[in-house]
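Protein chains in written order, with the working numbering: chain A, 1005 to 1299; chain B, 2 to 591; chain C, 1071 to 1213.
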């Protein structure tokens, strides 16, 4: 991919704490490529993350970043977007962060449709706490907290997002950074909430869902005649997992208004824009009429 | 006929939830306010939409009133239960008005010297309008018995029912007039309490604490509020939500309190003056995220309207039991500021001042109120809410012009003498930075290096010491050398003040020391104020005397005595005076 | 060299306990190579290898992903390293095994590379080197 901007502008001097060979490296690379491709400058983007190995990502990039708390990057990103709709807001967090502790925010964000792009580093395990099963771990997955195999069914982010009303649902694989970057580009270009669930091996703690495991199962929707605007087809694809796992855009519907589009107070300017104009003494007369309701 | 007392009484409206007790009470208050009277109104309602006893207690007078007051001189009972429940709180010579269909044993009431009259309110309502207008009939009768000119009730009826059409307005007016005439006929001039319009009184607002906070927040530049409904914090959010769009306040009803505070943090990080509002239970959920704001130095305003706890507790009742929780909430140590307005005027100021404190010290600011202050109505002079006094201080917030001038790389968490670092609003090429909830260095990068950790802790905590220098000393009300000083915070000030006035009027010697800036507690000023007191009594709406504990923790000074109330009902001045063993000689006590 | 000899060689050079372990390492290294091997180069490189290995070297894409880098390459091999010692006893710090898994994975790559190189002509080696991500190429050359 020859990008419009040199992806190196996003390089930061920070010691990366990920395990050697971690899938997060691919995601970091793809995100830089995608932003460069879209000619988004470091100051024009805010990357919000939660807690988890992959949520350290903003520390390794030269961008506006906010590494927050476990499960909460979506509402924080939504607040930032509502305050400054001109900012590109990207959320990067893991499967535990997004689908477990932050599950409610995930569902609400899908139906809320803010113009926020979310990249989920889905490695089906808790890596930072060293190997406990996650919401997306397959049933029967053995870890330190599921010694007899996980009892719950795995959380299906594709199907949940679709059911909750998400307007852009895609899946990528950390072993294919070029394709992943394309998915992120499409997600950012999409007006509305975009989910890019990235399948990503945890090379240290997940010995089941390895690169090899994914490689044997993944295929690209782009290579089949697939209509991503077909909701029912997307529903079917969202449930493919055991034998074949589709990559690409599962569902995409353009032209719907974003949440911000529908906030009347944002029509003539943003809170940040107005705040920059705040003077030391606001004109009192603009508020005086508010007293009338009390007498 | 005994002496009559004019414009100094308490009126109560009691009934079931869903009977319109609140709107009748508010309507009566507004009529009184329009007549130039000062009003303080306490709402007492249960956490249900229908059923359960509610009441509305109005204290009125020609001077400002800061609390409700017992006993009650006129009870408008919309259910038989209201009579039974409030019988003991009725003053001798008082009156009870109720619809004649109630089966009420009038003998014990009359024995106590009460005017008891079963009025055909329902018949009047049905004759001139409909059964639904029985409350209007009751208010008309109340005006009649007190000789309160009906025109004030009529003006409120016109305003309140205007939306429902001329016919409804007319019917209500007829109902009120008929009930008024009947009451005048029955009582003539026998009732010892009168209401008269005050000539030349200025126009006043009738407003509660939440509305005042919301107005303050608006004037203080709040342009983002996200919240999750929780009584009694909700109406701050609702008031800002109802504003015309031109004010540009973005509102977000979030999926839960965690999302609510996180959205506010996100908006503030992006550069907007942001707030969230809740009660204790919701604040519990917000605590972890508040720590994030503390660690990443994001300004944030949280309004915590307390209610009876723990857990669901007393959802619609008042308490001051979250003070030490608010001061200590969240893991780890970080600066936060806690203020507690005690009056509605102070609510307005707290509303805008909180944003200045938050941006100046780049930390969370918690404004503590309680159900009583949040929802009690009081008349307020128009200039008590003075928008011209509002100042916006964005502290070390950098403008884009400031950033243009930047030569070195920007360091969001730069070590400074005050601990306050210049804060860039994301969006400028020279102000790019990442912040982390992990310990970080000056640029924001994550590090666990020991020396950096120590410097960063000192930097953040130093902001607390800086803030302490502008925290206000406790305010003394009453004589300097009083025999007893009531020490209080927040809404109990109103009852303490009224109690002290009565004690002193009766020849006693009492004062109030009121704390409003609670954290960081200004230690020296607190110590100085308390050393000047002869005998101290901490009056708190909680079980554990949390302010007294805070004072002891900060200054080592013990209160001589504590007075606590935790039944969810606000202190009445008489209750405080009685607890002090002081005889209260009230002008209208028989 | 036949398949059995290949595995025995990898096992010996890598110090692996079993042929199964040697195969796991070899197959993952080869599959990682397959990720970066253009279809046009595959045949030339694999001609001299035991046919049993070809299943792992089947190129994944006609044109490899240009952004497939050494970290991604390493990911395939780290999966074969026993990086965990059971339950976490490090109190949340960097896992003592995982910390060295990168070095171990590079060592494993190199042991497979060295056996491969012994079966390849100079030209085949040069072709393969050109396909590998930069750092991996360094490991390959040094093997």
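From the three backbone atoms N, C-alpha and C, an ideal C-beta is built for every residue, glycine too.
Contact set between residue i and chain A, taken where Cβ atoms lie within less than 9 Å
i, result
"residue 1139(C)", "1029, 1030, 1033, 1181"
"residue 250(B)", "1269, 1275"
"residue 1098(C)", "1214, 1215, 1216"
Contacts that residue i makes with chain F (C-beta to C-beta distance below 7 Å)
i, result
"residue 1092(A)", "As a matter of chain content, chain F is missing from the structure shown, whose protein chains are A, B and C."
Residue i versus residue j: straight-line alpha-carbon distance, rounded
i, j, result
"residue 1267(A)", "residue 249(B)", "10 Å"
"residue 309(B)", "residue 514(B)", "24 Å"
"residue 591(B)", "residue 286(B)", "With a pLDDT of 30 at residue 591(B), under the threshold of 50, the modelled position of this residue cannot be trusted, and the question is left open."
"residue 253(B)", "residue 1260(A)", "20 Å"
"residue 227(B)", "residue 267(B)", "11 Å"
"residue 1205(C)", "residue 1140(C)", "6 Å"
"residue 1282(A)", "residue 366(B)", "20 Å"
"residue 1133(A)", "residue 1097(A)", "15 Å"
"residue 20(B)", "residue 70(B)", "24 Å"
"residue 122(B)", "residue 25(B)", "15 Å"
"residue 312(B)", "residue 324(B)", "16 Å"
"residue 1193(C)", "residue 1040(A)", "37 Å"
"residue 218(B)", "residue 344(B)", "16 Å"
"residue 431(B)", "residue 1238(A)", "43 Å"
"residue 457(B)", "residue 1183(C)", "48 Å"
"residue 511(B)", "residue 479(B)", "7 Å"
"residue 585(B)", "residue 504(B)", "Residue placement at residue 585(B) is flagged as unreliable, the pLDDT there being 48, under the threshold of 50; a coordinate-derived value is accordingly withheld."
"residue 99(B)", "residue 567(B)", "32 Å"
"residue 160(B)", "residue 64(B)", "26 Å"
"residue 1170(C)", "residue 1144(C)", "13 Å"
Residue nearest to residue i in terms of C-alpha spacing, selected from the options
i, options, result
"residue 1091(C)", "1210(C), 1181(C), 1204(C), 1206(C)", "1181(C)"
"residue 1016(A)", "1068(A), 1134(A), 1084(A), 1112(A)", "1068(A)"
"residue 1034(A)", "1183(A), 1256(A), 1216(A)", "1183(A)"
"residue 300(B)", "528(B), 562(B), 432(B), 338(B)", "338(B)"
"residue 1122(C)", "1073(C), 1093(C), 1187(C)", "1073(C)"
"residue 148(B)", "193(B), 512(B), 244(B)", "193(B)"
"residue 1295(A)", "6(B), 331(B), 205(B)", "205(B)"
"residue 357(B)", "376(B), 333(B), 274(B), 244(B)", "274(B)"
"residue 1199(C)", "1075(C), 1093(C), 1114(C)", "1114(C)"
"residue 1293(A)", "348(B), 202(B), 302(B), 216(B)", "216(B)"
"residue 1304(A)", "463(B), 434(B), 271(B)", "This structure leaves residue 1304(A) out entirely; chain A is present only between 1005 and 1299."
"residue 491(B)", "429(B), 340(B), 467(B)", "340(B)"
"residue 571(B)", "449(B), 187(B), 377(B), 455(B)", "377(B)"
"residue 466(B)", "144(B), 281(B), 336(B), 128(B)", "336(B)"
Closer than 7 Å at the beta carbon, the chain C residues around residue i
i, result
"residue 1009(A)", "Chain C residues near residue 1009(A): none, gap ~16 Å exceeds 7 Å."
"residue 1153(A)", "In chain order: nothing, as chain C lies at least about 17 Å away."
CB-CB length for residue i against residue j, believed under 8 Å
i, j, result
"residue 8(B)", "residue 43(B)", "So it is not a contact: roughly 19 Å between Cβ atoms."
"residue 53(B)", "residue 17(B)", "7 Å"
"residue 258(B)", "residue 1108(A)", "The Cβ separation is near 12 Å, so there is no contact."
"residue 173(B)", "residue 134(B)", "6 Å"
"residue 487(B)", "residue 558(B)", "About 15 Å; that fails the 8 Å criterion."
"residue 1031(A)", "residue 1054(A)", "Contact flag wrong, Cβ pair sits at about 14 Å."
"residue 66(B)", "residue 153(B)", "No, residue 66(B) and residue 153(B) are not in contact; Cβ-Cβ is about 18 Å, not under 8 Å."
Proximal chain B residues relative to residue i, where beta-carbon distance stays under 8 Å
i, result
"residue 1067(A)", "433, 435"
Contact list for residue i against chain A, beta-carbon separation under 7 Å
i, result
"residue 253(B)", "1086"
"residue 220(B)", "1286, 1291"
"residue 227(B)", "1083"
Chain C contact residues for residue i, given Cβ-Cβ distances below 8 Å
i, result
"residue 1042(A)", "Going along chain C, no residue has its Cβ under 8 Å from residue 1042(A), so there is no contact; the nearest lies around 16 Å."
Neighbour list for residue i in chain C, Cβ cutoff strictly below 9 Å
i, result
"residue 1037(A)", "1137"
Interface partners of residue i on chain A, CB under 8 Å
i, result
"residue 605(B)", "Chain B is shown from 2 up to 591; residue 605(B) falls before or after that span and cannot be answered."
"residue 389(B)", "1285, 1288"
Task: Residues within the segment 1187–1212 of chain A neighbouring chain C, beta-carbon criterion of under 8 Å - done: Hits within the stretch, in order: 1205, 1207, 1208, 1209, 1211.
Open item on the list: Residues of the segment 1213–1235 of chain A in Cβ contact with chain C at a cutoff of 8 Å, in chain order, please.
Closed with: Within the segment 1213–1235 of chain A, the residues whose Cβ lies closer than 8 Å to some Cβ of chain C are 1214, 1215, 1216, 1219, listed in chain order.
Task: Short-range partners of chain A found in the segment 199–213 of chain B, where Cβ spacing is below 7 Å - done: Cβ contacts with chain A come from 204, 205, 206, 207, 208.
Open item on the list: Short of 9 Å Cβ to Cβ, which residues in the segment 257–285 of chain B face chain A?
Closed with: Cβ contacts with chain A: 257, 259, 260, 261, 262, 263, 264, 265, 266, 267, 268, 269, 270, 271, 272, 273, 274, 275.
Task: Proximal residues, the segment 1162–1176 of chain A versus chain B, C-beta separation under 8 Å - done: From the segment 1162–1176 of chain A, no residue has a Cβ closer than 8 Å to chain B.
Task: Residues, ordered as in the chain, of the segment 1114–1130 of chain C that lie near chain A by beta-carbon distance below 8 Å - done: Those residues of the segment 1114–1130 of chain C placed with their C-beta closer than 8 Å to a C-beta in chain A are 1130, ordered along the chain.
Open item on the list: Counting only Cβ-Cβ distances shorter than 8 Å, please list the residues of the segment 1011–1026 of chain A near chain C, keeping chain order.
Closed with: Hits within the stretch, in order: 1021, 1023, 1024, 1025, 1026.
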